[in-house]
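Comments concern the structure below.
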Amino acid sequence: MMSGRISSSFINDLLARVDIVDLIDSRVPLKKTGSNYVARCPFHTEKTPSFSVSAKKQFFHCFGCGASGNAITFLMDYNHLDFVEAVEDLAAFAGIEVQRESDVGTGLLEKKDISHLYDLMGSVAAFYAEQLKQNPEAKKAVDYLKVRGVSGEIAKSFMLGYAPKDWNSLSGRYDAKDLLETGLLVARDGGGTHDRFRGRIMFPIRNKRGHVVGFGARVLDDSLPKYLNSPETPLFSKSNEVYGLYELLNAKQKPARILIVEGYMDVVALAQFGINYAVAALGTAISKTHVELLFRFSQELVFCLDGDAAGRQAAWRAMESVFSSIKDGRVVKIMLLPQPHDPDSLVREQGVEQFEQRMAEAATLSDYFFGQLTADLGLATVEGRAQLVEKARRYLELLPHGVFREMMFAKLETMSGMAALDVSLNKAKLNPSRPRKGMGQVRRTSPSRVALALLVQNPELADLLEQEELDWSDLDFPGCEMFREIMSIILRQNPSNVSVLLEQLRGHQDERLVTKLATMELLVPDDGIKAEFLGAVKAIVSGSRTIRIEKLIDKEQSEGLDASERALLKKLLSSSN
Numbered sequence: 001m002m003s004g005r006i007s008s009s010f011i012n013d014l015l016a017r018v019d020i021v022d023l024i025d026s027r028v029p030l031k032k033t034g035s036n037y038v039a040r041c042p043f044h045t046e047k048t049p050s051f052s053v054s055a056k057k058q059f060f061h062c063f064g065c066g067a068s069g070n071a072i073t074f075l076m077d078y079n080h081l082d083f084v085e086a087v088e089d090l091a092a093f094a095g096i097e098v099q100r101e102s103d104v105g106t107g108l109l110e111k112k113d114i115s116h117l118y119d120l121m122g123s124v125a126a127f128y129a130e131q132l133k134q135n136p137e138a139k140k141a142v143d144y145l146k147v148r149g150v151s152g153e154i155a156k157s158f159m160l161g162y163a164p165k166d167w168n169s170l171s172g173r174y175d176a177k178d179l180l181e182t183g184l185l186v187a188r189d190g191g192g193t194h195d196r197f198r199g200r201i202m203f204p205i206r207n208k209r210g211h212v213v214g215f216g217a218r219v220l221d222d223s224l225p226k227y228l229n230s231p232e233t234p235l236f237s238k239s240n241e242v243y244g245l246y247e248l249l250n251a252k253q254k255p256a257r258i259l260i261v262e263g264y265m266d267v268v269a270l271a272q273f274g275i276n277y278a279v280a281a282l283g284t285a286i287s288k289t290h291v292e293l294l295f296r297f298s299q300e301l302v303f304c305l306d307g308d309a310a311g312r313q314a315a316w317r318a319m320e321s322v323f324s325s326i327k328d329g330r331v332v333k334i335m336l337l338p339q340p341h342d343p344d345s346l347v348r349e350q351g352v353e354q355f356e357q358r359m360a361e362a363a364t365l366s367d368y369f370f371g372q373l374t375a376d377l378g379l380a381t382v383e384g385r386a387q388l389v390e391k392a393r394r395y396l397e398l399l400p401h402g403v404f405r406e407m408m409f410a411k412l413e414t415m416s417g418m419a420a421l422d423v424s425l426n427k428a429k430l431n432p433s434r435p436r437k438g439m440g441q442v443r444r445t446s447p448s449r450v451a452l453a454l455l456v457q458n459p460e461l462a463d464l465l466e467q468e469e470l471d472w473s474d475l476d477f478p479g480c481e482m483f484r485e486i487m488s489i490i491l492r493q494n495p496s497n498v499s500v501l502l503e504q505l506r507g508h509q510d511e512r513l514v515t516k517l518a519t520m521e522l523l524v525p526d527d528g529i530k531a532e533f534l535g536a537v538k539a540i541v542s543g544s545r546t547i548r549i550e551k552l553i554d555k556e557q558s559e560g561l562d563a564s565e566r567a568l569l570k571k572l573l574s575s576s577n
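Take the sequence shown: its position 284, counted from the start at 1, is 284 in our numbering, and no numbers get skipped.
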């Protein structure tokens, strides 16, 4: 398997080759209704089918929860994959090899096949697990796990193991070059190598596909460091992985919430009590990548941290990563434990039911955020309220646009008493910036919205628009810029259907809006699409000319027109007659 950027032309061809109906039907049984196929949505609980798949558009849409997209998006959401993994799976479904861009002319380097490194890591994990059961020197490790209440079943499910004290227990069994590449061996300065992990309990770190990509290791004496992790390798990046995610997804594909704890043993110990939805960061602060990864599987994240100063600092450090990932519908809670407890000791003392009750009652992100900000501020003074605005603003500006962002700014307005002041522009009010205006503000019945929706759903209509030879410089209507941009993409890329068009707009600022246009019900029969489109375009041109004429007449009466503007007005007036 080669690594590198996947060719965009390959992705377009792949989407054109795969029938989304066959793909989804292989995972969610579909029933034909009219020209579409329906099922109960796999992304939310429902009794009446609202999940629709269009063979013509090669597109799915749920009228209940709003989930929508093409075959790649479906695989990303359904199987919890990132984009590249979804393309690879879709190519496998189609029975073809993924084509990637070479380093020729692109500046991209191709990496060698690393599948054998996954095999190596799995084999080493099995070796460590065998050592935990059979090596006499592992008794201390076994005793420690027993004291922590870890059963043999849980140890097996997490593949817990033991690294012998021998400095070279691996080098005689496996290829030294591969061991070095995966970080299992350390090269000595004077030559030679030795095992990185010795005399420690081993915690294999598996990615969401079940591959062992690294290890965490706990010491059994007073040696330092207490925990030692695998270094960054071609397989492992601690900022992209969390411990326990594979085991969590094995237990439940759609957990109601995910509990984020501080250490490997917290994850394992909680699983012993049936709390099998905990994960831990790998010796680093929670990153935006971690948060986005976990939000793929659950809409609620609970940060469970020690209640001491270090725990509170860790919670606050997570704010920046969390704020940039909070979209409407996502929930974050902060659960600080009473001292001196960790999750394991607290659940032992209070029981699972009370522990989960603490989670349910944990502080919401908004309450925790404003509570921490105002703890040492005197809001009775102007100075204190000004400090609140200054401290809160940089976090709130990270929030994606939506209802939650609006409500957080509204709460800041109320708490600061500064509803009449824009803290960033010193203008009319404290107001979070909104997305640029465009077709999203147009009435659903407007000709421009109808025309653009028809164009998105039927990219071949661009040829008709080209034949009209419109002078776009003469046109002035809501969404004009977006219309031109979509036209340009279609003419340049020639997408075969709406599925391919949406893929070309993945990550674009208008992606969400175009997706809405793709799902817009127009109730136009297939044999009437061209006439409806041309009629809408004609209405756009007529309305646009009227707008331009009115603007030019207003300007002529207020400040006068130059020669070019007078010529344009004359042209528009003659063409409208």
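Built from N, CA and C at the ideal position, the CB exists for glycine as well. Treat the numbers as computed from the prediction; the structure is a model and nothing was measured.
Kindly list the residues whose CB is nearer than 7 Å to the CB of residue i, restricted to its own chain and excluding five residues on each side of it in sequence; keep chain order.
i	result
ALA451	PHE533, ALA536, VAL537 and ILE540
ASN240	THR289
LEU517	LEU452, ALA453 and VAL456
SER50	CYS41, CYS62, PHE63 and GLY64
ASP22	none
VAL84	ILE6
Apart from the five residues just before and just after residue i, which ones in its own chain have a Cβ nearer than 8 Å to its Cβ?
i	result
GLU300	ALA256, ARG257, ILE258, ARG330, VAL331, VAL332 and LYS333
GLU579	Absent from the model: residue 579. The displayed extent of the chain is 1 to 577, so no value can be given.
THR48	ARG40
LEU505	ILE489, GLU511 and VAL514
SER8	GLN504
THR519	PHE59, HIS61 and SER68
VAL423	Because the pLDDT of VAL423 is 42, which lies under 50, any placement of that residue in the model is unreliable, and the question is left without a value.
PRO338	GLY307 and LEU346
Return the residue from the list the options that minimises the CA-CA distance to residue i.
i	options	result
LEU365	THR233, GLY244 and MET335	MET335
ASP19	ARG40, GLY34, LYS555 and VAL53	VAL53
LYS208	ILE275, ALA318 and ALA251	ALA251
ILE11	VAL21, ILE72 and SER35	ILE72
ALA125	THR381, ASP189 and ALA217	ALA217
PRO225	GLU247, TYR246 and GLY199	GLY199
ASP119	ASP166, VAL213 and SER68	VAL213
GLU390	VAL403, PHE404, PHE409 and ARG405	PHE409
PHE203	ASN36, MET482, GLY122 and LEU117	GLY122
LEU228	ARG393, GLY172 and ILE201	ILE201
LYS551	LEU569, ALA563 and SER564	LEU569
LEU294	VAL322, ASP463, GLY311 and ARG548	VAL322
GLN313	GLN372, ASP342 and ALA278	GLN372
GLY34	ASP554, PRO525 and ALA531	PRO525
Based on the DSSP secondary-structure assignment, which residues constitute the bridge partners of residue i?
i	result
ASN276	Its beta-bridge partners do not exist; DSSP assigns none.
MET76	MET76 is not bridged to any residue.
HIS61	SER52 and SER68
HIS194	VAL186
PRO204	PHE215
ILE260	VAL279 and PHE303
TYR243	ALA280
Under the criterion of a Cβ to heavy atom distance below 6 Å, does residue i qualify as lining the ligand NAD?
i	result
GLU46	Ligands in the displayed structure: none, and consequently the ligand NAD is not present.
Determine the DSSP secondary structure at residue i, reduced to helix, strand or coil.
i	result
CYS41	coil
ASN135	coil
ASN229	strand
ARG405	helix
PRO447	helix
THR546	helix
GLN557	helix
VAL268	helix
ILE540	helix
MET418	coil
ARG17	helix
ILE486	helix
In chain order, what residues of the same chain lie with their CB nearer than 6 Å to the CB of residue i, ignoring the 5 residues before and after it?
i	result
VAL38	LYS31, PRO49 and SER52
PRO231	GLY183
LYS437	Summary for LYS437: the model assigns pLDDT 43, below 50, so the residue's position carries little reliability, and this model does not support an answer.
MET76	ALA86
ALA129	MET159 and GLY161
Three or more C-beta pairs below 8 Å linking the region 487–498 and the region 547–560: no
Contact between the region 83–96 and the region 149–162 (3+ Cβ pairs under 8 Å): no
Validate contact between the region 475–485 and the region 541–548 using beta carbons, cut 8 Å, 3 pairs: yes
Contact between the region 311–327 and the region 397–410 (3+ Cβ pairs under 8 Å): yes
Any 3 or more C-beta pairs closer than 8 Å across the region 492–507 and the region 25–32: no
The region 302–317 / the region 259–266 touching (three or more Cβ pairs under 8 Å): yes
Given 8 Å, three or more beta-carbon pairs between the region 401–418 and the region 385–393: yes
At least 3 beta-carbon pairs within less than 8 Å: the region 79–88 vs the region 164–178: no
Inter-stretch contact at 8 Å, needing at least 3 Cβ pairs: the region 228–238 / the region 281–298: yes
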